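Taken in order, the sequence shown gives residues 0 to 551; the numbers are from numbering that gives the first Met the number 0.
Every residue gets a Cβ at the ideal spot worked out from N, C-alpha and C, and that includes glycine.
Predicted model only: the values in this text are computed from it and were never measured.
Read through the structure below, which is laid out as structure tokens, and then see the notes.
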Amino acid sequence: MRRALSLLSLMLVLALTACTGLPTSGYVNPGRGPQVDDTQAFAFVPDGPQEDATPAEIVEGFLRAGSGPADDWATAKLFLAPGAQWDPRSRVTIDRLADRRATPSADGTSVAVALTTIAAVDADGAYSPTAAGSAETLSYTLARVDDQWRITSAPDGVVLYEEVFPTVYQSASVAYFDPSYSFIVPDVRWFPRPLVASRIATALVDGQPSAWLAGAVRSAFPDELSLVGRSVTLSSDGIAQVQLPRAALSLDRTTLDRMQTQLVRSLATAGINEVQMTVEGTPIAASEVSVRVTRVDPSPAVLTSIGAFGVLAGDAVEPIDGLSDAVESLNPSAVELEADRSLAAVRTQQGTVASALSDGRTFLLDDRAGLIAPSIDGQGEIWSVPANAPTQVRAITAEGVPRAVGNAWPDASEIVSMQVSRDGTRIAAIVTVSGVREVWVAGIERENTEVNLGPPHVLSFSQQGAFDLAWLDDTTVGVLVSADGVDRLRELNVGGRGTEATAPDGARTLAAGSTSVRVLDDQGRLYSRRGSSWTLVASGIRVLAAQQGTTS
Numbered sequence: 000m001r002r003a004l005s006l007l008s009l010m011l012v013l014a015l016t017a018c019t020g021l022p023t024s025g026y027v028n029p030g031r032g033p034q035v036d037d038t039q040a041f042a043f044v045p046d047g048p049q050e051d052a053t054p055a056e057i058v059e060g061f062l063r064a065g066s067g068p069a070d071d072w073a074t075a076k077l078f079l080a081p082g083a084q085w086d087p088r089s090r091v092t093i094d095r096l097a098d099r100r101a102t103p104s105a106d107g108t109s110v111a112v113a114l115t116t117i118a119a120v121d122a123d124g125a126y127s128p129t130a131a132g133s134a135e136t137l138s139y140t141l142a143r144v145d146d147q148w149r150i151t152s153a154p155d156g157v158v159l160y161e162e163v164f165p166t167v168y169q170s171a172s173v174a175y176f177d178p179s180y181s182f183i184v185p186d187v188r189w190f191p192r193p194l195v196a197s198r199i200a201t202a203l204v205d206g207q208p209s210a211w212l213a214g215a216v217r218s219a220f221p222d223e224l225s226l227v228g229r230s231v232t233l234s235s236d237g238i239a240q241v242q243l244p245r246a247a248l249s250l251d252r253t254t255l256d257r258m259q260t261q262l263v264r265s266l267a268t269a270g271i272n273e274v275q276m277t278v279e280g281t282p283i284a285a286s287e288v289s290v291r292v293t294r295v296d297p298s299p300a301v302l303t304s305i306g307a308f309g310v311l312a313g314d315a316v317e318p319i320d321g322l323s324d325a326v327e328s329l330n331p332s333a334v335e336l337e338a339d340r341s342l343a344a345v346r347t348q349q350g351t352v353a354s355a356l357s358d359g360r361t362f363l364l365d366d367r368a369g370l371i372a373p374s375i376d377g378q379g380e381i382w383s384v385p386a387n388a389p390t391q392v393r394a395i396t397a398e399g400v401p402r403a404v405g406n407a408w409p410d411a412s413e414i415v416s417m418q419v420s421r422d423g424t425r426i427a428a429i430v431t432v433s434g435v436r437e438v439w440v441a442g443i444e445r446e447n448t449e450v451n452l453g454p455p456h457v458l459s460f461s462q463q464g465a466f467d468l469a470w471l472d473d474t475t476v477g478v479l480v481s482a483d484g485v486d487r488l489r490e491l492n493v494g495g496r497g498t499e500a501t502a503p504d505g506a507r508t509l510a511a512g513s514t515s516v517r518v519l520d521d522q523g524r525l526y527s528r529r530g531s532s533w534t535l536v537a538s539g540i541r542v543l544a545a546q547q548g549t550t551s
């Protein structure tokens, strides 16, 4: 009866978690008190091994106990034989509930568990999806201990159903800087909920950025600096304290302020309101530094059907001083604006890529055949590439000086769309690999005069019908997909799970809004989405411009 009740409870939890939208990215506006290592709002309490359980039941119970990270997975360890070694923190395998199968050997000394994996999380909390339908088999060995079956050997890591994973693990945006220390760049990780605050601090102070991002970002924490202990503690007045060694006292104030900024932005994900760095219990004087925002202007920038370019204000289009005339003269089919609106990257109706400057000048930058819509990076250079030559990316100054971008989209045979993130450190693209469209992201690495892309990180292995892409916020890439006669918007988290919703019929262009998502359809109708509904904003629009930020 106890086991039946336990299974019923798990089924109810799965149903509840499947219906609940959980945040998976971004910096959270804290609304509850600070979390420390042993507190959480909800926890699974899995059963230990049952009397006279079969080998398959022991392994199945062990896998279910992976949902209980309390006390370093103490319940799961009850299924192990004395002396058995198992590291639950090394990996999380996320699989489908319906596809898991445990098959024991004839003598019961081994059990093979077949899985269909969805994604994996490594020891550092970095999330990676797997290709659709990926199969994996895990092997377990068992022996009799006091006349009960126990596991003598198990693969390191835990295995969680996809419905359970976001309830046991919490996403956290570990904060780094761009190379100019002007922007905060989030590196999304997943940590067990009871351990999230300390795991964030450890990842930031003692760890490294995710491998694909490492060459594109900077940390103010010196490599030789380590946490004292491995926990975030609360002071008597409710401030989260991060203990550092005495070496921190020799650091200059600029470095300390940047460290404080990274900690505050990172620990906000754990619901922590205030953070204090300390040495031997004494607070270190430090304050947050000012960083640039990455939101876009609340008003869309558009080119109307009569050829007027500017900012949409009600039913009127307000020209951008000096820039609008230059953009209009290029007869654009795609436009992207720099944050301060001093520069526009344009793909013309003739298929070339050009720049338009706020002083009225224009420059032809790229006249190769088959160019896709260009994008502007954090240095004011315009990125251009032919659709059928993904490796041939060029970063071109506004006045036409090109340089090749190294390691651009290796193994891809086609590139459909790409955009640089508004912090200038990452670029996302829809590419075709072995006939299948995928969504990739890569870090932008700069060394002296060279620009290279870091190793590509796959956001989605299968996005058939994907045709346009945009950074919606710091951790979300939106993708327009047309498949089976239906247009959809897929929002892919850079380091987590994604969502899908319908898009307006005939969707053609996607762009971020300040608090919304914008879509232009093939009839010139501009829509804005707030919540789950699309609202018609304007008609008679030829081009919806992308924006790389705002000056306000």
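Drop a sphere of 10 angstroms on the beta-carbon of residue i, count the other beta-carbons inside from all chains shown, and report buried for 16 or more, exposed for fewer.
i    : result
T448 : exposed
L535 : exposed
V415 : buried
P409 : exposed
R489 : buried
T260 : buried
E444 : buried
T92  : buried
E446 : exposed
S323 : buried
V157 : buried
S209 : buried
N492 : buried
S515 : buried
From which residue to which residue does the alpha helix (DSSP H) around residue i run?
i    : result
S265 : R252 to L266
E56  : P54 to R63
W72  : A69 to K76
Who are the near neighbours of residue i in its chain, counting only those whose CB is closer than 6 Å to its CB and skipping five residues on each side?
i    : result
Q240 : T232, S234, Q275 and T277
R631 : With the chain running from 0 to 551 in the structure shown, residue 631 is simply not present.
G107 : P54
L21  : Here L21 scores only 34 on pLDDT, less than 50, and its place in the model should not be relied on; the value that follows carries that caveat. Excluding residues within five positions, the ones whose Cβ falls inside 6 Å are P165.
V163 : S66
S133 : T116
T550 : D339
A500 : L488
L243 : M276 and V278
Which residues in the same chain have their Cβ closer than 8 Å to the Cβ of residue i, if we skip the five residues on either side of it in sequence?
i    : result
W211 : V440, A441, G442, G453, P454, P455 and H456
G25  : Only weak support exists for where G25 lies, its pLDDT of 34 falling under 50; the value from the coordinates is given anyway. For G25, where only same-chain residues beyond five positions count, the Cβ hits under 8 Å are S172, P185, D472, D473, T474 and T475.
A525 : For clarity, residue 525 is Leu in the given sequence; the question names Ala instead. The residues are P299, V301, L311, R517, V518, L519, L535, V536, A537, S538, I540 and L543.
G405 : E449, V450, N451 and L452
S357 : I319, D320, G321, L322, A325, R340, S341 and L342
Got a sec, what are the start and stop residues for the beta strand (DSSP E) residue i sits in?
i    : result
A506 : A506 to A511
A119 : S109 to D121
G405 : P401 to G405
P103 : R100 to P103
T498 : T498 to T501
A239 : A239 to L243
R217 : Taken as a continuous stretch (DSSP letters only), R217 belongs to no beta strand (DSSP E), as it is neither H nor E.
S383 : I381 to S383
L543 : I540 to L543
Once you ignore the five residues that flank residue i on each side, which residues in its own chain have a CB closer than 7 Å to its CB?
i    : result
A403 : R393
S374 : E335, A344, W382, M417, Q418 and V419
D205 : S225 and L226
S138 : S109 and A111
P191 : P68, V167 and Y168
P178 : R217 and R445
W567 : The question about residue 567 has no answer, for the chain in this structure spans 0 to 551.
In the DSSP output, what is residue i paired with across the bridge?
i    : result
R88  : Paired residue(s): none; R88 is not in a bridge.
Q147 : V144
S127 : A119
S527 : R517 and T534
W408 : DSSP, once it has assigned bridges, lists no residue as partnering W408.
L558 : Given a span of 0 to 551 for the chain in the structure shown, any question on residue 558 remains unanswerable.
S133 : T116
E413 : T431
F362 : S354
I271 : Note: I271 sits in no beta bridge, so no partner.
L302 : F308 and V542
Q418 : A427
R393 : S383 and A403
At a cut-off of 7 Å, is residue i close to the ligand ZN when judged by its beta-carbon and the heavy atoms of the ligand?
i    : result
A441 : This structure lacks the ligand ZN; in fact it carries no ligand of any kind.
Quiz item: For the segment 161-211, which segments carrying the beta strand (DSSP E) assignment without a break, of at least 3 residues, lie completely within its bounds, in sequence order?
Solution: 168-176 and 183-191
Exercise. Jot down the residue ranges of each uninterrupted beta strand (DSSP E) in the segment 425-490, minimum 3 residues, whole runs only, in chain order.
Key: 425-432, 435-446, 449-452, 456-459, 465-472 and 475-482
Quiz item: Fully enclosed by the segment 305-360, which beta strand (DSSP E) runs are 3 residues long or longer?
Solution: 308-312, 315-317, 331-336, 342-347 and 352-356
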